[in-house]
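S.K.: Here the sequence shown is numbered in this note's numbering, starting from 3 and rising by one per residue. Note that beta-carbon positions come from the ideal geometry of N, C-alpha and C, so glycine has one too.
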Amino acid sequence: MRFETLAIHSAGGPDPATGALIPPIYQTSTFVFEDVGRTRGYDYSRTSNPTRSALEETIAALEGGKAGFAFATGMAAETTVACLLQKGDHVICGDDVYGGTYRLFQDVMTRFGLECSFVRMDSPRRIEDAVRPSTRMLWIETPSNPLLNIVDLEMAVAVARRHNLTTVVDNTFATPCFLRPIVYGVDLVVHSTTKYLNGHCDVVGGAVVTASDDLAIRVQFLLNAMGTCASPFDCWLVLRGIKTLPVRMKQQERNATAVAEYLDCHSRVERVFYPSLKSHPGHAIARRQMKGFGAMVSFEIKGGSQAVPAFLRRMKVFSLAESLGGVDSLVEHPATMSHASMPESVRNGVGITEGLIRLSVGLENVDDLVEDLEQALTGV
């Protein structure tokens with residue numbers, strides 16, 4: 003089946019018990035055994051649940067992976083993947099990743115003996131130079147959050163294979179609608195399902211998709227042992243959102259492209275970060291490995307930190323809020339919001355300046371979005 007059909011039908015056919023078209027919410031903690039040592043496939047909802055299974059099968063199908071796993075949050079998914087490693091292991095991670103990912107590797111996992119190097123993955127040499135004898139994992143965001151940097155997955159996977167590294171791609175921004183990392187040889191794909199997969203800003207969740215049966219067994223063990231799984235109702239909400247993922251992503255991309263092109267010509271804008279722009283350093287790679295450029299747009303406003311508060315206060319259609327990927331357009335200031343956990347020196351070093359603004363472009367009429375940006379920019 004093609005992607006649009008998979009998004010609707012991957013959860014299986016009608017419920018065999020009732021004929022319900024939509025998978026039921028199995029809001030139960032436990033399941034009755036048929037006999038001693040014999041179940042009907044489920045025993046306890048931390049281990050597995052039919053509603054969660056429907057979501058996991060759907061996400062795995064969309065990503066083209068062997069198995070999928072649903073988690074309580076995106077960070078629960080990331081933490082579970084990090085726990086595939088052991089004391090003394092080293093991770094190479096993108097240097098402008100989501101602030102929560104930076105915090106996980108820099109401030110949490112180091113307490114358990116993991117080490118991490120943060121690298122701009124724009125060439126094989128940069129990645130190679132960071133490899134140590136203890137390196138075990140390559141962690142990639144593409145497009146990255148919030149600078150929308152693009153990583154050439156064929157290049158990165160080739161380096162990883164030379165050094166026997168497990169490759170992980172955070173595919174939250176692109177979604178499998180626009181990018182399927184497993185096609186390029188990636189081992190694990192992670193998502194914050196809070197974002198585009200759900201798409202309605204009404205649930206938090208995460209997901210992991212594995213490219214091999216061995217990794218599937220290991221992730222399932224950790225999910226069960228650590229209890230990082232998603233609840234049945236949250237899984238049902240994400241399943242509902244996935245059904246409209248293709249149409250939402252395509253329209254939001256159209257809106258984002260128009261917004262990026264408008265900002266790129268504005269006198270109050272210093273620089274725009276959006277991979278469809280030919281000026282973007284990753285434009286050619288994005289065109290080659292993605293089916294669309296996504297709906298996240300970042301830009302630097304002239305005047306830097308002095309201009310940011312007035313600009314944000316004037317926004318009317320864009321809501322000042324954390325998160326992204328919903329039908330509502332959101333605006334945020336990475337330095338004080340999503341990436342506040344990064345030290346200022348680190349933010350500045352990777353290009354997350356005080357004047358950087360991140361937009362999550364939604365499904366409103368694009369003329370209203372542009373007009374909102376115009377009135378806010380001209381007022382600062």
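Using only CA atoms, which one of 133, 126, 127 lies nearest to residue 119?
M.R.: Indexing the sequence shown from 1 puts residue 119 at position 117. Here the closest residue by C-alpha is 133.
S.K.: Could you tell me whether the stretch 303 to 317 touches the stretch 346 to 356, where touching means 3 or more Cβ pairs closer than 8 Å?
M.R.: Flag = yes, the stretch 303 to 317 and the stretch 346 to 356 touch.
S.K.: Answer yes if the stretch 169 to 186 comes into contact with the stretch 61 to 73, meaning at least three C-beta pairs across the two stretches below 8 Å, and no otherwise.
M.R.: Short answer: they touch.
S.K.: Give the DSSP-derived three-state secondary structure of residue 27 in the structure shown.
M.R.: As a first step, residue 27 must be located in the sequence shown, where it is residue number 25. Here residue 27 sits in coil by DSSP.
S.K.: Go through its chain and collect everything with a Cβ distance to residue 26's Cβ below 6 Å, but skip five positions before and after it.
M.R.: By one-based count along the sequence shown, residue 26 stands at place 24. Excluding sequence neighbours, residue 26 sits near 17.
S.K.: Tell me which same chain residues have a C-beta within less than 8 Å of the C-beta of residue 176, skipping the five on either side of it?
M.R.: The sequence position of residue 176 within the sequence shown is 174, counting from 1. Same-chain partners within the cutoff: 144, 145, 292, 294, 296.
S.K.: Among 227, 148, 360, 140, which has the Cα closest to the Cα of residue 159?
M.R.: Here residue 159 corresponds to residue number 157 of the sequence shown, with the count starting at 1. Checking every option, the nearest Cα to that of residue 159 belongs to 140.
S.K.: Relative to the C-alpha of residue 247, which residue among 374, 276, 52, 60 is closest?
M.R.: The sequence position of residue 247 within the sequence shown is 245, counting from 1. Selected option, being the one with the closest Cα: 60.
S.K.: Ordered along the chain, which non-local residues of its own chain (more than five positions away) have a Cβ less than 6 Å from that of residue 62?
M.R.: Locating residue 62 in the sequence shown gives position 60, where the first residue counts as 1. So the qualifying residues of the chain are 69, 70, 211.
S.K.: Quick check on DSSP: helix, strand or coil for residue 175?
M.R.: By one-based count along the sequence shown, residue 175 stands at place 173. Coil, per DSSP.
S.K.: When DSSP builds the beta bridges, which residues end up paired with residue 298?
M.R.: Here residue 298 corresponds to residue number 296 of the sequence shown, with the count starting at 1. Answer by DSSP bridge pairing, in chain order: 362.
S.K.: Work out the CA separation of residue 324 and residue 333 for me, nearest whole Å.
M.R.: If you number the sequence shown from 1, residue 333 lands on position 331. If you number the sequence shown from 1, residue 324 lands on position 322. Roughly 8 Å between the two C-alpha positions.
S.K.: Name the two residues that bound the continuous alpha helix (DSSP H) containing residue 208.
M.R.: Position 206 of the sequence shown holds residue 208. From DSSP, residue 208 is part of no alpha helix (DSSP H) but of the beta strand (DSSP E) over 208 to 212.
S.K.: Output the boundary residues of the alpha helix (DSSP H) element that contains residue 96.
M.R.: Residue 96 sits at position 94 when you count from the first residue of the sequence shown. Residue 96 -> not in any alpha helix (DSSP H); beta strand (DSSP E) instead, spanning 92 to 96.
S.K.: Pull up the CB-CB distance for residue 107 and residue 95, whole angstroms please, since I reckon it's below 8 Å.
M.R.: Taking the first residue of the sequence shown as position 1, residue 107 is located at position 105. Taking the first residue of the sequence shown as position 1, residue 95 is located at position 93. With 8 Å as the limit, residue 107 and residue 95 qualify as a contact, their Cβ atoms being about 6 Å apart.
S.K.: Cβ of residue 197 within 7 Å of Cβ of residue 327?
M.R.: To locate residue 197, count along the sequence shown from 1; it is residue 195. To locate residue 327, count along the sequence shown from 1; it is residue 325. Their beta carbons are under 7 Å apart, which means residue 197 touches residue 327 by this criterion.
S.K.: State the start and end residues of the unbroken alpha helix (DSSP H) segment that holds residue 246.
M.R.: Along the sequence shown, read from residue 1 onward, the residue named residue 246 stands at position 244. Segment: none, residue 246 is in no alpha helix (DSSP H) and carries neither H nor E.
S.K.: By the three-class DSSP mapping on this structure, what secondary structure does residue 187 have?
M.R.: Taking the first residue of the sequence shown as 1, we reach residue 187 at position 185. Coil.
S.K.: Please state the DSSP three-state secondary structure of residue 119.
M.R.: By one-based count along the sequence shown, residue 119 stands at place 117. Reduced to three states, the DSSP call for residue 119 is strand.
S.K.: Give the single residue among 147, 330, 79 whose Cα lies nearest to the Cα of residue 253.
M.R.: Residue mapping note: residue 253 aligns to position 251 of the sequence shown, counting from 1. Checked all of 147, 330, 79; the closest Cα to residue 253 is 330.
S.K.: How far does the beta strand (DSSP E) with residue 142 in it extend, from its first residue to its last?
M.R.: As a first step, residue 142 must be located in the sequence shown, where it is residue number 140. First-last of the beta strand (DSSP E) with residue 142: 137 to 143.
S.K.: Pair every Cβ in the stretch 274 to 287 with every Cβ in the stretch 335 to 347, then say whether three or more of these pairs are closer than 8 Å.
M.R.: No: the two stretches stay apart, fewer than three of their Cβ pairs being nearer than 8 Å.
S.K.: Measuring alpha carbon to alpha carbon, tell me which residue in 200, 267, 275 is nearest residue 240.
M.R.: For the purposes of this step, residue 240 is taken as residue 238 along the sequence shown, with counting starting at 1. Residue 200 is the option with its Cα nearest to residue 240.
S.K.: According to DSSP, residue 193 sits in a beta bridge with which residue or residues?
M.R.: Looking up residue 193 in the sequence shown gives position 191. 209.
S.K.: State buried or exposed for residue 148, treating a residue as buried only when at least 16 other CB atoms are found within 10 Å of its CB.
M.R.: For the purposes of this step, residue 148 is identified with residue 146 of the sequence shown, where counting begins at 1. Residue 148 should be labelled buried.
S.K.: Please look up how many angstroms separate the CB atoms of residue 261 and residue 375, rounded, as I've assumed it's under 8 Å.
M.R.: One-based indexing of the sequence shown puts residue 261 at position 259. One-based indexing of the sequence shown puts residue 375 at position 373. Yes, residue 261 and residue 375 are in contact; Cβ-Cβ is about 7 Å, under 8 Å.
S.K.: Quick one: Cα of residue 48 to Cα of residue 223, how far?
M.R.: What you label residue 48 is simply residue 46 of the sequence shown in a count that begins at 1. What you label residue 223 is simply residue 221 of the sequence shown in a count that begins at 1. The straight-line gap from Cα to Cα measures roughly 11 Å.
S.K.: Quick check on DSSP: helix, strand or coil for residue 167?
M.R.: Within the sequence shown, residue 167 is the residue found at index 165, counting from 1. DSSP places residue 167 in coil when its eight states are reduced to three.
S.K.: In its own chain, which residues sit with a C-beta less than 6 Å from the C-beta of residue 165, not counting the 5 before and 5 after it?
M.R.: On the sequence shown, position 163 is the one that residue 165 refers to. Once the five neighbours on either side are set aside, the close Cβ partners of residue 165 are 133.
S.K.: Taking buried to mean at least 16 other C-beta atoms within 10 Å of its own C-beta, is residue 315 buried or exposed?
M.R.: Reading the sequence shown from its first residue, position 313 is the one you call residue 315. Per the 10 Å Cβ criterion, exposed.
S.K.: Is residue 104 buried or exposed, if buried means 16 or more other CB atoms sit within 10 Å of its CB?
M.R.: Taking the sequence shown and counting its residues from 1, one reaches residue 104 at position 102. Buried, because 16 or more other Cβ atoms sit within 10 Å of the Cβ of residue 104.
S.K.: Among 29, 44, 28, whose alpha-carbon lies nearest the alpha-carbon of residue 35?
M.R.: To locate residue 35, count along the sequence shown from 1; it is residue 33. Looking at the Cα atoms, 44 is the closest of the given residues.
S.K.: Going straight from the alpha carbon of residue 126 to that of residue 157, what length do you get?
M.R.: By 1-based counting over the sequence shown, the position of residue 126 is 124. By 1-based counting over the sequence shown, the position of residue 157 is 155. Cα-Cα distance, rounded: 7 Å.
S.K.: Who are the Cβ neighbours of residue 257 in its own chain at under 6 Å, not counting the five residues just before and after it?
M.R.: Residue mapping note: residue 257 aligns to position 255 of the sequence shown, counting from 1. Answer for residue 257: 363, 368, listed in chain order.
S.K.: Identify which residue in 14, 33, 31 has its Cα closest to the Cα of residue 24.
M.R.: Along the sequence shown, read from residue 1 onward, the residue named residue 24 stands at position 22. Cα-wise, what sits closest to residue 24 is 14.
S.K.: Quick check for students: name the residue ranges of the beta strand (DSSP E) that lie wholly in the stretch 283 to 343, counting only runs of 3 or more.
M.R.: Correct list: 298 to 303, 332 to 334.
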